[in-house]
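Right, one structure below, let's go through it.
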Amino acid sequence: MHLSLAASAAFVAVVQAFRDTSPFLFFSTSQLPVALQAASIAQIQSSQAVLDATKEFLNSCPTDVYYIIHQPSVLSTDVSQSTTPNLHAALSSSVVKAKYLVSEAKGLGRDVKQELVAHIGKSCEDTLLLDQDSAARTHDELSNQISRSVKDGKKVSVLRTMSQLAGSRKGTERAALLHDLDQSHKSELSAITAEHSYTIIWTTTPLSGDGAEVEEYQPEFQDPAHMELKRDLSEGVFDVRVADDIDPRPLFEKYQFFTPGLFMGLITGIILISILSVALSAISSLQVPYAAFDKEMGPAAQKKQQ
Numbered sequence: 067m068h069l070s071l072a073a074s075a076a077f078v079a080v081v082q083a084f085r086d087t088s089p090f091l092f093f094s095t096s097q098l099p100v101a102l103q104a105a106s107i108a109q110i111q112s113s114q115a116v117l118d119a120t121k122e123f124l125n126s127c128p129t130d131v132y133y134i135i136h137q138p139s140v141l142s143t144d145v146s147q148s149t150t151p152n153l154h155a156a157l158s159s160s161v162v163k164a165k166y167l168v169s170e171a172k173g174l175g176r177d178v179k180q181e182l183v184a185h186i187g188k189s190c191e192d193t194l195l196l197d198q199d200s201a202a203r204t205h206d207e208l209s210n211q212i213s214r215s216v217k218d219g220k221k222v223s224v225l226r227t228m229s230q231l232a233g234s235r236k237g238t239e240r241a242a243l244l245h246d247l248d249q250s251h252k253s254e255l256s257a258i259t260a261e262h263s264y265t266i267i268w269t270t271t272p273l274s275g276d277g278a279e280v281e282e283y284q285p286e287f288q289d290p291a292h293m294e295l296k297r298d299l300s301e302g303v304f305d306v307r308v309a310d311d312i313d314p315r316p317l318f319e320k321y322q323f324f325t326p327g328l329f330m331g332l333i334t335g336i337i338l339i340s341i342l343s344v345a346l347s348a349i350s351s352l353q354v355p356y357a358a359f360d361k362e363m364g365p366a367a368q369k370k371q372q
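If you use this note's numbering, the sequence shown corresponds to residues 67 to 372, in order.
Here you go:
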């Protein structure tokens, strides 16, 4: 009974921990600092940790263009290659050198986008903000304005806020809506990633953070004799460790098997075996005559004869 209560309490704690989370990512044509490489692996982080890491990357103003996309009311289970194909294509580009992907960022708010825009303006000396929410620009207009600004030595920040996702987390309407929203900023992604160095930041807010009701899980138990086991063929959640991050090198190039410790152990083993073999050969070379064990011819008998 106590174990059951403890397990229930642990399950409730896990559910509460993941209720106020949403994905966050940024990727860039600039290299990720060594200090942030370890932090980019953690898949569950607080909003403050995510913001601190992003601001640390932006401190040096590493690229010419910064594209901040804000998507309210999204879950990590909503994001997949089929729902956000354009974002995945940009993330998988060969020119991308830095990736910071967090599948569960806790407590992200609506003010994150403005905080990042303000930090970019503070880190870069001369920055032009293009707010696509207040004045939407076509692909050519956005591309030309970015080119002129970069040519004049300015950094460009492009801000875009998407519509809030609606519908049940189990339904297909959320996936379809997210796909349509991803298609809506396809031209912007194309204009931003065409010529200049860029950093793309995708911020979100949790489902409960926008006033939406989170559906509670209600277990349904069936008769085990009539329970059917089916393979889950649904498309998996977008893994932040994307295929581009997999090391394609062969096994013996990727890992060091013949380490210095192993080398020293082998040398020590060879020396000990050599010493043992010499000792065994010396012992085996000892010869004791048979007469030494004969009572009449042995040393005791010879003393008596004397």
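All C-beta atoms, glycine included, are put in the ideal place defined by N, C-alpha and C.
Taking DSSP's pairing of strands, which residues face residue i in a bridge?
i, result
"Ser-88", "Ala-171"
"Arg-226", "Ile-135"
"Asp-197", "Leu-225"
"Ser-94", "Ala-164, Thr-265"
Using DSSP with H/G/I as helix, E/B as strand and the rest coil, what is residue i?
i, result
"Ile-337", "helix"
"Gln-111", "strand"
"His-136", "strand"
"Ala-164", "strand"
"Ser-263", "coil"
"Tyr-283", "Reliability fails at Tyr-283, whose pLDDT of 49 lies under 50, so the model's placement of it is uncertain and the value that follows must be treated cautiously. Tyr-283 falls in the coil class under three-state DSSP."
"Thr-270", "strand"
"Val-344", "helix"
"Asn-152", "helix"
"Pro-326", "helix"
"Leu-352", "coil"
"Glu-207", "helix"
"Leu-231", "coil"
"Ser-213", "helix"
"Asp-246", "helix"
"Arg-240", "helix"
"Thr-129", "coil"
"Ser-142", "helix"
"Gln-147", "coil"
"Ala-202", "coil"
Alpha carbon to alpha carbon, how far is residue j from residue i? Give it in angstroms, no decimals.
i, j, result
"Ser-386", "Ala-241", "The structure shown does not extend to residue 386, since the chain is modelled only from 67 through 372, so no value can be given for it."
"Ser-96", "Leu-273", "32 Å"
"Ser-350", "Val-344", "10 Å"
"Gln-103", "Ala-348", "60 Å"
"His-185", "Ala-155", "27 Å"
"Ser-250", "Lys-221", "24 Å"
"Ser-263", "Phe-324", "41 Å"
"Asp-276", "Gln-322", "Residue placement at Asp-276 is poorly supported in this model, since its pLDDT is 43, which falls under 50; the coordinates still yield a value, given next. For Asp-276 and Gln-322, the distance between alpha carbons rounds to 49 Å."
"Ser-215", "Asp-86", "39 Å"
"Ala-278", "Thr-238", "Confidence is the limiting factor: at Ala-278 the pLDDT is only 45, short of 50, which leaves the residue's position unreliable, though a coordinate-based value still follows. Cα-Cα distance, rounded: 17 Å."
"Leu-117", "Cys-190", "17 Å"
"Ser-139", "Val-100", "32 Å"
"Ala-105", "Ser-169", "13 Å"
"Leu-328", "Gly-335", "10 Å"
"Ser-126", "Leu-98", "11 Å"
"Leu-167", "Leu-342", "57 Å"
"Ala-115", "Arg-203", "33 Å"
With distances taken from CA atoms, which of the options is nearest residue i?
i, options, result
"Ser-223", "Ala-201, Gly-187, Thr-204, Val-178", "Gly-187"
"Leu-182", "Ser-160, Phe-92, Lys-217", "Phe-92"
"Asp-218", "Thr-227, Gln-198, Asp-192", "Asp-192"
"Asp-177", "Gln-198, Cys-127, Thr-150, Ser-113", "Ser-113"
"Leu-247", "Tyr-264, Thr-259, Met-228, Thr-265", "Met-228"
"Lys-172", "Gln-111, Ala-101, Val-145", "Gln-111"
"Lys-179", "Ser-158, Leu-157, Gln-137, Ala-201", "Gln-137"
"Ile-212", "Ser-106, Trp-268, Leu-195, Lys-165", "Leu-195"
"Thr-259", "Val-162, Ser-106, Thr-143", "Val-162"
"Pro-94", "Leu-141, Ala-164, Leu-346", "In the sequence on display, residue 94 carries Ser and not Pro. For Ser-94, the nearest C-alpha among the options comes from Ala-164."
"Asp-199", "Thr-143, Asn-152, Glu-254", "Glu-254"
"Thr-150", "Gln-353, Leu-244, Leu-141, Ser-340", "Leu-244"
"Phe-123", "Leu-332, Ile-337, Ile-267", "Ile-267"
Excluding sequence positions up to five away, which residues of its chain have a Cβ less than 6 Å from the Cβ of residue i?
i, result
"Ala-257", "His-205, Leu-208, Ser-209"
"Tyr-132", "Ile-186, Ser-223, Thr-265"
"Pro-128", "Ser-96"
"Asp-197", "Leu-225"
Could you pull out every residue in the same chain whose Cβ sits closer than 7 Å to the Cβ of residue i, ignoring the five residues on either side in sequence?
i, result
"Lys-121", "His-185"
"Tyr-283", "For Tyr-283, the pLDDT reaches just 49, beneath the cut-off of 50, and the residue's location in the model is therefore unreliable, leaving the point undetermined."
Compute every distance between the C-beta of residue i and the non-hydrogen atoms of the ligand COA, then say whether any falls below 7 Å.
i, result
"Ser-250", "Absence of the ligand COA from the depicted structure is noted, as is the absence of any ligand whatsoever, leaving it without description."
Starting from the C-beta of residue i, find all residues in its chain whose C-beta is less than 8 Å away, skip the five residues before and the five after it, and write them out in chain order.
i, result
"Asn-152", "Asp-248, Gln-249, His-251, Lys-252, Leu-255"
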